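In terms of the numbering used here, the sequence shown is numbered consecutively and its last residue is 349. Just so you know, even glycine gets a beta-carbon here, dropped at the ideal spot from N, CA and C. Note that this is a predicted model, so its numbers are computed, not measured. Please read the structure below before turning to the comments.
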Amino acid sequence: MSTPEDQPSLDEALARARAAREQMAAALDEDQQPDVDEPVGWQPIWKRPRKPKSDAAKKAELRKQRKRLQEAAKRRLAARNSRRSRSRQNRIGSAAARRDARALSRMRHSGAWL
236 MSTPEDQPSL DEALARARAA REQMAAALDE DQQPDVDEPV GWQPIWKRPR
286 KPKSDAAKKA ELRKQRKRLQ EAAKRRLAAR NSRRSRSRQN RIGSAAARRD
336 ARALSRMRHS GAWL
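Below, the structure written as structure tokens:
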């Protein structure tokens, strides 16, 4: 088991880490930045340089997006129209109005108007 005398103090360890910081940063930068002349191997997609799209590709993408949005709007419209209307009881709030509506409904369905 190590004794406290064998272990370096925190101040010494911090001083050594600060001294090595420049070397570590240089090594990391060396790895990250490839030279312009050398060919680049496989890279993840987020590191690849962007290729500008042609006008035809942009227009095709916009057409697809417009079509997708229009189809979604049609689906929303169909879903909204297919919903059942709320019951009469929910539409007519007060009990008195409900009674009036019931009486009117009875009058409408009876032959009393003839």
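{"query": "Return the CA-CA distance between residue 305 and residue 336, expressed in angstroms with no decimal places.", "result": "41 Å"}
{"query": "Please say whether residue 296 and residue 288 have beta carbons closer to each other than 9 Å?", "result": "yes"}
{"query": "Give the straight-line distance between the Cα atoms of residue 339 and residue 311, rounded to the nearest whole angstrom.", "result": "36 Å"}
{"query": "Using DSSP with H/G/I as helix, E/B as strand and the rest coil, what is residue 277?", "result": "coil"}
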